Amino acid sequence: MAPAVLVQNPTIAPVTDTIKDKLNLKSYPADLQAALDDAKAQFTKRNPNSLRLHEEAVNNLPGGNTRTLLYTTPFPLSMKSGKGHQVTDEDDHTYTDFVGELTAGLYGHSNPNILSSLTNTISTIGLNLGATTAAESRFASLMRSRFNLGRVRFCNSGTEANLHALAGARKYTGKRKVVVFSGGYHGAVLSFGSGQPAENNVDLDDWVLGRYNDVAGAKELIEGLEGQLAAVLVEGMQGAGGCIIGTKEFLAQCQESAHKIGALFMLDEVMTSRLAPGGLQSLLSLTPDLTTFGKYLGGGLAFGAFGGSTEVMSVYDPRQPGSLAHSGTFNNNTLAMHAGYAGLHDVYKPEVCEEFSKNGDAFREKLNKACEGTNCCFSGKGTIMAVHFSADGEMKESDVTCVEVIKEDWELKDLFWLEMMEEGYWISRRGTIAMILGTPQEELDRFVAAVESFLERHRNLVRS
Ligand SMILES: Cc1ncc(COP(=O)(O)O)c(C=O)c1O
Numbered sequence: 243m244a245p246a247v248l249v250q251n252p253t254i255a256p257v258t259d260t261i262k263d264k265l266n267l268k269s270y271p272a273d274l275q276a277a278l279d280d281a282k283a284q285f286t287k288r289n290p291n292s293l294r295l296h297e298e299a300v301n302n303l304p305g306g307n308t309r310t311l312l313y314t315t316p317f318p319l320s321m322k323s324g325k326g327h328q329v330t331d332e333d334d335h336t337y338t339d340f341v342g343e344l345t346a347g348l349y350g351h352s353n354p355n356i357l358s359s360l361t362n363t364i365s366t367i368g369l370n371l372g373a374t375t376a377a378e379s380r381f382a383s384l385m386r387s388r389f390n391l392g393r394v395r396f397c398n399s400g401t402e403a404n405l406h407a408l409a410g411a412r413k414y415t416g417k418r419k420v421v422v423f424s425g426g427y428h429g430a431v432l433s434f435g436s437g438q439p440a441e442n443n444v445d446l447d448d449w450v451l452g453r454y455n456d457v458a459g460a461k462e463l464i465e466g467l468e469g470q471l472a473a474v475l476v477e478g479m480q481g482a483g484g485c486i487i488g489t490k491e492f493l494a495q496c497q498e499s500a501h502k503i504g505a506l507f508m509l510d511e512v513m514t515s516r517l518a519p520g521g522l523q524s525l526l527s528l529t530p531d532l533t534t535f536g537k538y539l540g541g542g543l544a545f546g547a548f549g550g551s552t553e554v555m556s557v558y559d560p561r562q563p564g565s566l567a568h569s570g571t572f573n574n575n576t577l578a579m580h581a582g583y584a585g586l587h588d589v590y591k592p593e594v595c596e597e598f599s600k601n602g603d604a605f606r607e608k609l610n611k612a613c614e615g616t617n618c619c620f621s622g623k624g625t626i627m628a629v630h631f632s633a634d635g636e637m638k639e640s641d642v643t644c645v646e647v648i649k650e651d652w653e654l655k656d657l658f659w660l661e662m663m664e665e666g667y668w669i670s671r672r673g674t675i676a677m678i679l680g681t682p683q684e685e686l687d688r689f690v691a692a693v694e695s696f697l698e699r700h701r702n703l704v705r706s
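Each residue of the sequence shown is one higher than the last, beginning at 243 in this note's numbering.
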């Protein structure tokens, strides 16, 4: 069997002291706007095919876009292919992929276990069988034992997982309101990034927003909703919110207060289940009534799942009169059921998960060391992290506690994003890094050096 952690096609570019040559500059502009203008001009010059494709795409998709996060100015970079831990754009630049499909890409672009599971499924099983299969029960059993669940149901995205889990919580409790936290993101129509429910959220009358990591505030808010509250829905680490770690005290308080008033405690582990063999909840000794999953657990295919105690999940048991219907053409699609199982069973074994998370923590520590004394820091846990540039002067990882206290300097973040592409790193523009299994250590070290030189060449912009 192939080793679980693979180093595939490591094309290590030499560490550059400066990217001045690449940017074709005599010196770095001291002014942020001028530096950004230079970096954008260089981006436009080196990516003519992406520009052309974007100009075509605006005729077919609103703004040329079908996934808002990927819309960037001056135009989005168009990727052509991926291999191992790398992606290659339409102008043939190859990058170390730190977007890692926002945590769904954990296995990389060509993991042999995943590839053989997919090709085997296509050639010997078939795409969709329109019936229950042994594969879905086998995968559910693995997820139950890994994440301490009574019962599981599959769906097609993390958004769906949260929608169905919330419907289950409402059915179980007979209540409607749900406490969520500003900065939280639970899906395309369950978004609270700005401290308000997004305009296109579902159930706009039912959300009650609290402040993340505010222990006393959460207690008062949740317990004050006795008789109305179906659930508290929270991420153990706010991923889209900027990799903000929830404290043990805060999350335990959410669980305790929910239970005190008969509401359910729902943990969104769509991103965080990869942080420990039993998910982030196992590190924090949390016992959610319902947990939602997605991303990498589909082996790289569209995937979602929700699970919890047998009693709560029985609201979805079709043998029970009056149970909730949960249909979905692709809920048990053969590709995700097989690739997801192969990934969790054969690749992301508990020991691989632990080692990978340790590497991620060590990487983040090195990055934060490089950032000392600047307004830049990296927050997060294990192999999921985010870069921050504070508009308020020096910032450390421990300052990243809730969206209300982070005043991001988005222009500096843009400059970082553009210049890291010049260095050969593909990072999400909002600054999230989700590592891919098998990324060579040399590429991590080279990134630390690239961050150091970014902070050095722009010292007038990053030091207060
Ligand atoms: C914590 C969390 N929950 C839910 C979702 C929604 O998942 P999906 O994009 O698969 O719908 C995401 C996606 O980023 C997420 O980060």
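C-beta atoms are modelled at their ideal positions from N, C-alpha and C, and glycine is treated no differently. These figures come from a predicted structure and were not determined experimentally.
Contact check for Phe285 and Leu660: beta-carbon distance about 6 Å, within the 8 Å limit, so the pair qualifies.
Excluding residues up to 5 positions away in sequence, Leu577, Ala581 lie with their Cβ nearer than 7 Å to the Cβ of Leu360 in the same chain.
Here Ile464 is buried, its C-beta having at least 16 other C-beta atoms within 10 Å.
The beta carbon of Leu467 lies closer than 8 Å to those of Lys419, Val421, Val450, Ile503, Ala505 in the same chain, with the five residues before and after it left out. DSSP assignment within the region 371–423 yields the following whole alpha helix (DSSP H) runs of 4 residues or more, N-terminal first: 376–389, 400–415.
In the DSSP assignment, His580 falls within the unbroken alpha helix (DSSP H) covering 576–584. At least 7 Å separates the beta-carbon of Asn398 from that of Gly585. The closest CA to that of Leu566, considering only Ala407, Glu462, Leu543, is found on Ala407. Taking one beta carbon from each stretch, the region 381–392 and the region 520–540 have 3 or more pairs nearer than 8 Å; the two touch. If the five residues before and after Gly400 are omitted, its C-beta is found closer than 7 Å to the C-beta atoms of Gly429, Val512, Thr534, Gly536, Lys537, Gly546, all from its own chain and listed in chain order. Membership of Met637 in any alpha helix (DSSP H) is not indicated, and neither H nor E is assigned to it by DSSP.
Of the other Cβ atoms in all chains shown, 16 or more fall within 10 Å of the Cβ of Pro439; this residue is therefore buried. Exclusion of the five residues before and after Phe689 leaves Tyr667 as the residues of its chain whose Cβ lies within less than 7 Å of its Cβ. The continuous beta strand (DSSP E) containing Lys322 extends over residues 321–325. Taking all protein chains in view, the Cβ of Leu609 is crowded by 16 or more other Cβ atoms within 10 Å, so the residue is classified as buried. Residue environment: Ser383 is assigned as exposed (fewer than 16 neighbouring CB atoms within 10 Å of its CB, all protein chains considered).
Annotation for Ile626: the continuous beta strand (DSSP E) segment containing it runs 626–631. Relative to ligand 1, even the nearest heavy atom lies 6 Å or more away from the CB of Thr310.
Per DSSP, reduced to three states, the secondary structure at Glu650 is strand. In this structure, the C-beta of Ser424 stays at least 6 Å away from each heavy atom of ligand 1. Scanning Gln523, Ser515, Val645 for the CA closest to the CA of Leu348 turns up Ser515.
Cα atoms of His568 and Ser551: separation of roughly 17 Å, rounded to the nearest angstrom. About 16 Å separates the CB atoms of Tyr558 and Gly416; that is not less than 8 Å, and the two are not in contact. Within the same chain, Cβ atoms closer than 7 Å to the Cβ of Asp333 are found at Arg288, Asn289, Pro290, Asn291, Ser292, the five residues on either side in sequence being excluded. In the displayed model, Lys591 falls within coil according to three-state DSSP, outside both helix and strand. Taking 7 Å as the cut-off, the beta carbon of Leu657 is found no closer than this to the beta carbon of Leu311. The beta-carbon distance between Asn574 and Thr374, rounded to whole angstroms, is 7 Å. This is short enough to meet the 8 Å contact definition. Around Phe605, the same chain offers Leu686 as residues with beta carbons nearer than 6 Å, after the five sequence neighbours per side are excluded.
Put simply, the region 622–641 does not touch the region 291–307. Fewer than three CB pairs are less than 8 Å apart.
Under DSSP, the beta-bridge partners assigned to Glu477 are Asp510.
Remark: C-beta atoms of Gly483 and Val645 approach each other more closely than 7 Å. As DSSP reads the structure, Asp339 sits in a beta bridge with Trp668. For the options Leu509, Ala458, Gln275, the alpha carbon positioned closest to that of Gln495 is the one of Ala458. Asn353 counts as buried, since no fewer than 16 other beta carbons sit within 10 angstroms of its beta carbon. No heavy atom of ligand 1 is found nearer than 6 Å to the CB of Gly347.
Residue pairing of Ala547 in beta bridges, as defined by DSSP: Phe396, Phe535.
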